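Participant:
2 protein chains.
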Amino acid sequence: MTDESSFDTVCLVGIGHICASLAVALRRNGLARRLVALEIDPEARRVALEMGLVDEATDDPARAVPGAGLVVVGVPVGAMEQVGAVIGPHLTAGTIVTDTGSVKQAVVRDLGPHIPDGVHFIPGHPIAGTEHSGPSSAVDGLFVGRWQILTPVPGTDEAALERLSEMWRRIGSDVEIMDPQHHDKVLAITSHLPHLIAYTIVGTASDLEGHLQHEVIKFSASGFRDFTRIAASDPVMWRDVFLSNREAVLEVIQRFTEDLTALQRAIRWGEGETLQQKFTETRAIRRAIIDARQA
Amino acid sequence: MTDESSFDTVCLVGIGHICASLAVALRRNGLARRLVALEIDPEARRVALEMGLVDEATDDPARAVPGAGLVVVGVPVGAMEQVGAVIGPHLTAGTIVTDTGSVKQAVVRDLGPHIPDGVHFIPGHPIAGTEHSGPSSAVDGLFVGRWQILTPVPGTDEAALERLSEMWRRIGSDVEIMDPQHHDKVLAITSHLPHLIAYTIVGTASDLEGHLQHEVIKFSASGFRDFTRIAASDPVMWRDVFLSNREAVLEVIQRFTEDLTALQRAIRWGEGETLQQKFTETRAIRRAIIDARQA
């Protein structure tokens, strides 16, 4: 029934934006015979079934977990410990457990201890997603051409790692292996800081007096609206990201604030050359992203 | 030859991204019989002629300006004073002079004194554009469904204002009348701060050690890349924006920094409720922008 990369049964724990999109990808690529959602929200279960994303949706781990060759945990990072306690007793030897969390050290710390011996625990993070939430926001092809970072812990079974990697490659992702600490440092810069800044700037605007706020919305195409998309991302997911990657995030906020203060000073003192030089350097980064086909 | 909103000859001063896109729009909508570019860069003149954007391109104001019913100044705000000195002596009574600058008080201050009596000076700002520069980046339809802000000074001729407004409406823009000071305050929030923040965050990343910078580019789809697009905008144009709207920009940086510091503190002290509440509020702003069809 299974080959190198496909699974008989895949259990998706939390059928939100990412796991719902993964369900679509697994079906489209023939990588799972049967999909089961373990989900505490009855409305999300109803939507997932109605959309045909999964074959079964239940809040009972004893029904969902045993017999699954792959379990994908797609819940906010702050819920990993609790999910681990719920699914751990039902996991059987040989199963691969992965996750989709945006922080990896915290997942290793919180989910890891609940994984029994003989179960292959391979934390992961797909660099894909939109600002939308819930199973109804599933996107066909979400992972195609995107990176899938896997952060195996020491002693991980090579065959299990290769099997999971091959699954993601068949979905259309490029797989990158990284250690959890390095992941959290890189993502603090590429993802966590940008989200925090976007939340901040949109928050600054939302604190304005009524008439000014109305105009900010009206004229948002002048730059502001680019920030509002990512500031519409799931609040609980992002609360957990910042709380669980605290040290790395605080470090990059510090760097950012120093750089902003330098530009602020250049504006105050009319230092045109400093501004122009800084603004010229940043163009090169954009070009590099376009060249890397990530634009 | 002309009706309410069309012109016999339109002179575009500086044939960059905005004026080149305007040339396309004027032609497409039959709003100008003849288009002349006044441009000091020989390469930009060559491209503009080769693309058929204009009928004539010259660096001689005595050829370009006299006889134009409309003169549109599309140069960085810091060059307005110099352009005023160059075109002023060639302007004739009845001509309408407008501009496309992102700051309006500075344009009134620097360009205004060069406009002779009898010439109608109506500063403007199209809320449209991409991160690209130069005439080759002209976009057909750039202004359709976007706002055109006009900031007439006291005593502006009503007929001239209506004629210019009607031209923009025929191009497909919605016209908003505003006083220059209010414009600069609103745009400091919706445009100038977002651009400064984007330049800062991309600059922070470009200061990283080589291997980390490589990974930032590789995994930029996780949020960072949304900032790099606007941080690729024209460096000279943006240098001038910050220098010429200094007070309003410094005021919003201050607000932003306070808000960022509050979130930083909430992260440090693990105040999850504060974070979640802030991140929930910002979702409403995104919805309002989508409802206003500016997304």
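These protein sequence lines are chains A and B, in that order. Its first residue numbered 1, the first sequence is counted upward by one per residue in the UniProt record's numbering. Its first residue numbered 1, the second sequence is counted upward by one per residue in the UniProt record's numbering. By construction, the Cβ of each residue, glycine as well, lies at the ideal position given by its N, Cα and C atoms. If you're wondering where the values come from, they're calculated on a predicted model, not measured in any experiment.
From residue 66 of chain A to residue 264 of chain A, what does the alpha carbon distance come to, in whole angstroms?
Facilitator: Roughly 58 Å separates the two Cα atoms.
Participant: What's the gap between the Cα of residue 53 of chain B and the Cα of residue 105 of chain B?
Facilitator: If I take the Cα positions, the gap works out to 30 Å.
Participant: Give me the Cβ distance between residue 203 of chain B and residue 258 of chain A, rounded to the nearest whole Å; I'm assuming they're in contact under 8 Å.
Facilitator: About 11 Å; that fails the 8 Å criterion.
Participant: Could you check where the beta strand (DSSP E) with residue 35 of chain B kicks off and where it finishes?
Facilitator: Per DSSP, residue 35 of chain B belongs to the beta strand (DSSP E) from 32-38.
Participant: Taking residue 17 of chain A as the query, report the chain C residues whose CB atoms sit under 8 Å from its CB, ordered along the chain.
Facilitator: You won't find chain C in this structure, because its protein chains are A and B.
Participant: Anything in chain A within Cβ reach of residue 259 of chain B, meaning under 7 Å, just list it in chain order.
Facilitator: Here the neighbours are 200, 203 and 204.
Participant: When the cut-off is 8 Å and only beta carbons count, does residue 2 of chain A lie next to chain B?
Facilitator: Below a pLDDT of 50, predicted positions are generally treated as unreliable, and residue 2 of chain A, at 48, falls in that range; the measurement from the model is reported next regardless. Chain B contact via Cβ: absent.
Participant: Using beta carbons (cut-off 8 Å, strictly below), is residue 222 of chain A in contact with chain B?
Facilitator: Yes - at least one Cβ of chain B is within 8 Å of the one on residue 222 of chain A.
Participant: Between residue 256 of chain B and chain A, is there a C-beta pair that is closer than 8 Å?
Facilitator: Residue 256 of chain B counts as touching chain A.
Participant: Comparing alpha-carbon positions, which option in B:218, B:29 and B:227 lies nearest residue 200 of chain B?
Facilitator: Out of B:218, B:29 and B:227, B:227 has the C-alpha closest to the C-alpha of residue 200 of chain B.
Participant: Using C-beta distances below 7 Å, list every residue in its chain close to residue 241 of chain A, excluding the 5 sequence neighbours before and after it, in chain order.
Facilitator: 77, 102, 103 and 192.
Participant: Kindly indicate which three-state DSSP category residue 2 of chain B falls into: helix, strand or coil?
Facilitator: Residue confidence for residue 2 of chain B is low, a pLDDT of 47 falling below 50, so the modelled location carries little weight; the figure read from the coordinates is stated next. Correct three-state label for residue 2 of chain B: coil.
Participant: Is there at least one Cβ from chain B nearer than 8 Å to residue 177 of chain A's Cβ?
Facilitator: It does not; no Cβ of chain B falls within 8 Å.
Participant: Who are the neighbours of residue 281 of chain B on chain A, taking C-beta pairs under 7 Å?
Facilitator: By Cβ distance, chain A contributes 203 and 206.
Participant: Short check: CB of residue 125 of chain A to CB of residue 183 of chain A, under 8 Å?
Facilitator: Cβ distance < 8 Å, so residue 125 of chain A and residue 183 of chain A count as in contact.
Participant: Would you mind sorting residue 148 of chain A into buried or exposed? The rule is 16 or more other CB atoms within 10 Å of its CB.
Facilitator: Buried, since its Cβ has 16 or more Cβ neighbours within 10 Å.
Participant: Work out the CA separation of residue 16 of chain B and residue 41 of chain B for me, nearest whole Å.
Facilitator: Roughly 10 Å separates the two Cα atoms.
Participant: Using a Cβ-Cβ cutoff of less than 7 Å, which residues in the same chain neighbour residue 30 of chain B once the five nearest sequence positions on both sides are dropped?
Facilitator: Excluding sequence neighbours, residue 30 of chain B sits near 6.
Participant: Does any C-beta atom of chain B lie closer than 8 Å to the C-beta of residue 181 of chain A?
Facilitator: With 8 Å as the cut-off, residue 181 of chain A does not count as an interface residue toward chain B.
Participant: Unbroken beta strand (DSSP E) runs of length 3 or more, entirely within the segment 133-194 of chain B: which are they?
Facilitator: Qualifying beta strand (DSSP E) stretches, in chain order: 147-150 and 174-177.
Participant: Beta carbons nearer than 7 Å to chain B: which residues of the segment 129-143 of chain A have them?
Facilitator: Hits within the stretch: zero.
Participant: Which runs of the alpha helix (DSSP H), 4 residues or longer, sit entirely within the segment 49-84 of chain A?
Facilitator: The qualifying runs are 61-64.
Participant: Excluding the five sequence neighbours on either side, which residues of its own chain have a C-beta within less than 6 Å of the C-beta of residue 160 of chain A, listed in chain order?
Facilitator: Within the same chain, residue 160 of chain A has close Cβ partners 96 and 120.
Participant: Within its chain, find whatever has a CB closer than 7 Å to the CB of residue 146 of chain A; leave out the 5 residues flanking it on each side and keep chain order.
Facilitator: Cβ within range, chain order: 126, 127, 128 and 173.
Participant: Out of A:138, A:261 and A:236, point me to the one whose CA is closest to residue 273 of chain B's CA.
Facilitator: Out of A:138, A:261 and A:236, A:236 has the C-alpha closest to the C-alpha of residue 273 of chain B.
Participant: Does the beta carbon of residue 272 of chain A come closer than 8 Å to any beta carbon on chain B?
Facilitator: By this cut-off, residue 272 of chain A is an interface position.
Participant: For a contact defined as C-beta to C-beta under 9 Å, what are the partners of residue 90 of chain B on chain A?
Facilitator: Within chain A, no residue comes near residue 90 of chain B; the closest Cβ sits about 29 Å away, beyond 9 Å.
Participant: Return the Cβ separation of residue 72 of chain A and residue 98 of chain A in integer angstroms, given the expectation that the two are a contact with Cβ distance under 8 Å.
Facilitator: Their Cβ separation, rounded to whole angstroms, is 6 Å, which keeps residue 72 of chain A and residue 98 of chain A in contact under 8 Å.
Participant: Would residue 238 of chain A pass as an interface residue toward chain B - the criterion being a Cβ-Cβ separation below 8 Å?
Facilitator: Yes, because at least one Cβ of chain B sits closer than 8 Å to the Cβ of residue 238 of chain A.
Participant: Can you check DSSP and say which residues form a bridge with residue 124 of chain A?
Facilitator: In the DSSP output, where bridge partners are listed per residue, residue 124 of chain A has A:150.
Participant: Quick check on the burial criterion: 16 or more other C-beta atoms within 10 angstroms. Buried or exposed for residue 1 of chain A?
Facilitator: Its pLDDT being 41, under 50, residue 1 of chain A is placed unreliably in this model, and the coordinates cannot settle the point.
Participant: Relative to the C-alpha of residue 289 of chain A, which residue among B:64, B:252, B:224 and B:51 is closest?
Facilitator: The option with the nearest alpha carbon to residue 289 of chain A is B:224.
Participant: Identify, in the order they occur along the chain, each residue of the same chain with its Cβ nearer than 6 Å to the Cβ of residue 24 of chain A, setting aside the five sequence neighbours on each side.
Facilitator: Cβ neighbours of residue 24 of chain A beyond the five flanking positions: 138 and 140.
Participant: With a CB to CB cut of under 7 Å and the five nearest residues on each side skipped, what residues in its chain are close to residue 194 of chain B?
Facilitator: So the list reads 230, once near-sequence residues are dropped.
Participant: So, using beta-carbon positions, are residue 48 of chain B and residue 57 of chain B closer together than 8 Å?
Facilitator: Yes. Within cutoff.
Participant: Rank A:69, A:45 and A:123 by C-alpha distance to the C-alpha of residue 9 of chain A and give the top, closest one.
Facilitator: That would be A:69, whose Cα lies nearest to the Cα of residue 9 of chain A.
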